[in-house]
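Undergrad: Numbering (the working numbering), first residue to last: 3 to 345.
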Amino acid sequence: MAKKKKKKKTGHVAIPFLIALLLGIVGIGGVAMFVFKKINANNGPEIKEMTTSITKPTAENNMSLLFVLDENGNESLQNATQLTFVVVRVLPAEKKMVFLCFPDNMLAVVDGRNDTLANFYRNSGIQATKAAIEDQAGIVVDRYMILDSESFGKICTIYGGVYYAVPTGTVGFVESKDPQYLGPPQIEKLITYSIYEQGEIQRTAITSDVLAEMINLTDKERIVSTMDANFRTLVNKCVDTDITSVDYSDQKNALKYMYTYGNTIASFRMVTGQMGENSDVFMISDNFQRSVADLFDDAPKSSKPASTEPADATPAEDGSAAEETAAEGEESEAAEGDASTEE
């Protein structure tokens with residue numbers, strides 16, 4: 003009878019082999035760590051985690067900037083409104099900035115004189131313009147910058163333009179409900195367009211919206227890295243400003259913090275109110291001051307109360323005080339809350 007072949011036992015060989023392999027790996031790793039530490043000790047201190055020089059700002063860094071786009075003498079724009087008034091409330095610690103665009107035909111009272119925002123600017127200058135906005139909005143404007151077509155275009159170039167859904171029927175733009183890219187000339191044309199269906203109220207809403215969207219879509223890392231050069235360029239190119247190099251130095255860290263750590267930082271709020279009887283002047287709503295109070299909690303309050311002039315008070319064309327006439331009308335409700343743009 004043939005003998006059965008015995009099966010070879012391999013278990014007693016494989017287990018010692020695996021143990022030896024693991025011990026070898028551990029041993030090699032230990033030697034490597036020892037050598038690495040010796041080399042590191044001879045070549046200097048251990049590598050530490052990188053830290054940033056940007057520190058978190060405080061409420062003291064909050065500021066309100068008035069931008070005036072003055073298109074006077076610019077013959078390249080058709081159907082254009084010559085003046086655009088935008089206040090940007092910057093809250094760096096909260097990583098947000100809010101746009102407030104005021105109608106150029108908004109009525110205000112400055113030193114007992116009743117007139118439109120545009121007439122205060124044309125006839126009395128930027129300080130009267132600031133006072134008019136403070137009177138109606140109940141806020142304090144910290145600094146201003148007056149822009150012409152060239153300097154406004156430079157700002158749009160710095161931020162890189164915007165993709166925006168232009169209202170259909172707007173002359174000079176592609177007829178589409180989809181967002182289209184707008185470079186500096188197209189943005190300027192859009193925000194100065196004077197024949198919107200809903201007039202000046204619609205223009206101011208579009209202005210705030212498109213500027214906020216431009217901020218949100220920009221390359222924030224690039225903005226931070228070129229901030230010094232861009233500030234010098236804007237100060238040199240703008241028509242006039244009271245923003246100084248000291249102001250910039252004081253706010254530089256706060257702005258870098260906002261752009262570095264913020265996401266959708268820009269939004270806008272509607273300046274609510276109603277048109278006068280002849281639709282030639284705009285009366286701001288009493289509720290507007292309450293709707294923006296959360297943005298200005300830390301700021302000194304305007305020393306002048308909100309105007310309660312009648313809705314059809316008509317300014318004199320030469321900029322002198324307007325005569326008051328009786329008027330009736332209900333004030334429209336203010337739309338409160340941020341109208342945030344989407345990225």
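Backbone N, C-alpha and C fix where the C-beta goes; we use that ideal spot for every residue, glycine too.
1. Once DSSP output is grouped into helix, strand and coil, what is the label at Thr243?
2. Which same chain residues, not among the five before or five after Ala348, have their C-beta less than 6 Å away from its C-beta?
3. Under 6 Å Cβ to Cβ from Pro186, same chain only, skipping five residues before and after it: list those, please.
4. Counting Cβ pairs closer than 8 Å, one from the stretch 283-290 and one from the stretch 100-110, do we hit at least three?
5. Going along the chain, which residues of its own chain have a beta-carbon closer than 7 Å to the beta-carbon of Leu23, five neighbours each way excluded?
6. Within its chain, find whatever has a CB closer than 6 Å to the CB of Cys103; leave out the 5 residues flanking it on each side and keep chain order.
7. Measuring CA to CA, which of Ala61, Ser78 and Met147 is closest to Ala241?
8. Does Glu215 pass the burial test, meaning 16 or more other C-beta atoms within 10 Å, or should it be called exposed?
9. Mind checking Thr86: buried by the 16 CB within 10 Å criterion, or exposed?
10. Whole angstroms are fine: how far does the CA of Phe101 sit from the CA of Leu213?
11. Quick check on this structure: which residue in Arg91, Lys132, Val70 and Val92 has the alpha carbon closest to the alpha carbon of Thr83?
12. If you compare alpha carbons, which of Asp230, Tyr161 and Glu202 is closest to Ile189?
13. With distances taken Cα to Cα, identify the nearest neighbour of Val226 among Tyr250, Thr262, Met65 and Met272.
14. Give me whichever residues DSSP pairs with Gly275 in a beta bridge.
15. Could you tell me which residues DSSP pairs with Ala110 in its beta bridges?
16. Hey, Ala139 and Phe290 are a contact pair by Cβ (cut 8 Å); roughly how many whole angstroms apart?
17. Pull up the distance between the alpha-carbon of Asp300 and that of Arg145, whole angstroms please.
18. Just the C-alpha distance for Thr194 and Ala295, rounded to the nearest angstrom, thanks.
19. Could you tell me the alpha carbon to alpha carbon distance between Arg234 and Thr243, rounded to whole angstroms?
20. Quick check on the burial criterion: 16 or more other C-beta atoms within 10 angstroms. Buried or exposed for Arg292?
21. Identify whether Val92 lies in helix, strand or coil by the three-state DSSP scheme.
22. With 16 other CB atoms within 10 Å as the buried threshold, where does Glu223 fall?
23. Do you know offhand how far Asp72's Cα is from Gln200's?
24. Please determine, among Gln253, Asp117 and Gly275, the residue with the shortest C-alpha to C-alpha distance to Ile2.
25. Using the Cβ count rule (16 or more neighbours within 10 Å means buried), how would you classify Ile135?
26. Can the beta-carbon of Leu149 be found less than 9 Å from the beta-carbon of Val168?
27. Considering only C-alpha positions, which residue in the set Gly174, Ser55, Ser178 and Asn265 is nearest to Phe191?
28. Distance check for Val164 and Asn265, CA to CA, integer angstroms please.
29. Going straight from the alpha carbon of Leu67 to that of Lys132, what length do you get?
30. By the 10 Å Cβ neighbour count, where 16 or more other Cβ atoms means buried, how is Pro181 classified, buried or exposed?
TA: Once the coordinates are examined:
1. Taking the first residue of the sequence shown as 1, we reach residue 243 at position 241. It is a strand residue.
2. Here the chain has residues from 3 to 345 only, and residue 348 is not among them.
3. The residue you call residue 186 lines up with position 184 of the sequence shown. Closer than 6 Å at Cβ, skipping near neighbours: Gly155, Cys158 and Thr159.
4. yes
5. For the purposes of this step, residue 23 is taken as the residue at position 21 of the sequence shown. For Leu23, the predicted structure reports a pLDDT of 49, less than 50, and the residue's modelled location is therefore unreliable. A value from the coordinates is still provided. Around Leu23: no qualifying Cβ.
6. Locating residue 103 in the sequence shown gives position 101, counting from the first residue. The answer, listed in chain order, is Val88, Thr206, Thr209 and Ser210.
7. Here residue 241 corresponds to residue number 239 of the sequence shown, with the count starting at 1. The question names Ala, but residue 241 in the sequence shown is Val. Answer by Cα proximity: Met147.
8. By one-based count along the sequence shown, residue 215 stands at place 213. So Glu215 counts as buried.
9. Counting from one through the sequence shown, the residue named residue 86 turns up at place 84. With 16 or more Cβ atoms within 10 Å of its Cβ, Thr86 is classed as buried.
10. Locating residue 213 in the sequence shown gives position 211, where the first residue counts as 1. Locating residue 101 in the sequence shown gives position 99, where the first residue counts as 1. Spanning the two alpha carbons is a distance of roughly 8 Å.
11. Working through the sequence shown from its first residue, we reach residue 83 at position 81. Of the listed residues, the one whose Cα sits closest to Thr83 is Val70.
12. By one-based count along the sequence shown, residue 189 stands at place 187. It is Tyr161 whose Cα lies nearest to the Cα of Ile189.
13. Residue numbering aside, residue 226 sits at position 224 when the sequence shown is read from its first letter. Closest by alpha carbon: Thr262.
14. Here residue 275 corresponds to residue number 273 of the sequence shown, with the count starting at 1. Looking at the DSSP assignment, Gly275 forms a beta bridge with Ile286.
15. By 1-based counting over the sequence shown, the position of residue 110 is 108. Per DSSP, Asp117.
16. Taking the sequence shown and counting its residues from 1, the one referred to as residue 139 is at position 137. Taking the sequence shown and counting its residues from 1, the one referred to as residue 290 is at position 288. With 8 Å as the limit, Ala139 and Phe290 qualify as a contact, their Cβ atoms being about 7 Å apart.
17. In the sequence shown, counting from the first residue as 1, residue 300 sits at position 298. In the sequence shown, counting from the first residue as 1, residue 145 sits at position 143. The alpha-carbon atoms of Asp300 and Arg145 are separated by roughly 16 Å.
18. Here residue 194 refers to the residue found at position 192 of the sequence shown. Here residue 295 refers to the residue found at position 293 of the sequence shown. Taking the straight line from one Cα to the other gives about 28 Å.
19. Residue numbering aside, residue 234 sits at position 232 when the sequence shown is read from its first letter. Residue numbering aside, residue 243 sits at position 241 when the sequence shown is read from its first letter. Roughly 12 Å between the two C-alpha positions.
20. Along the sequence shown, one-based indexing puts residue 292 at 290. Burial call: exposed.
21. Counting from 1 along the sequence shown, the entry for residue 92 is found at position 90. Reduced to three states, the DSSP call for Val92 is strand.
22. Walking along the sequence shown from the start, residue 223 turns up at place 221. It counts as exposed.
23. As a working note, residue 72 is residue 70 in the sequence shown. As a working note, residue 200 is residue 198 in the sequence shown. Approximately 22 Å, taken between the alpha carbons.
24. Here the chain has residues from 3 to 345 only, and residue 2 is not among them.
25. Numbered from 1 along the sequence shown, position 133 holds the residue referred to as residue 135. So Ile135 counts as buried.
26. Here residue 149 refers to the residue found at position 147 of the sequence shown. Here residue 168 refers to the residue found at position 166 of the sequence shown. No, they are not a contact pair.
27. Sequence index remark: in the sequence shown, residue 191 carries index 189 (1-based). The amino acid occupying residue 191 in the given sequence is Lys; Phe does not appear at that position. Comparing Cα-Cα distances from Lys191 to each of Gly174, Ser55, Ser178 and Asn265, the minimum goes to Gly174.
28. If you number the sequence shown from 1, residue 265 lands on position 263. If you number the sequence shown from 1, residue 164 lands on position 162. In a straight line, the C-alpha of Asn265 is about 16 Å away from that of Val164.
29. Counted from its first residue, the sequence shown places residue 67 at position 65. Counted from its first residue, the sequence shown places residue 132 at position 130. If you take the alpha carbons of Leu67 and Lys132, they lie about 10 Å apart.
30. Here residue 181 refers to the residue found at position 179 of the sequence shown. Pro181 should be labelled exposed.
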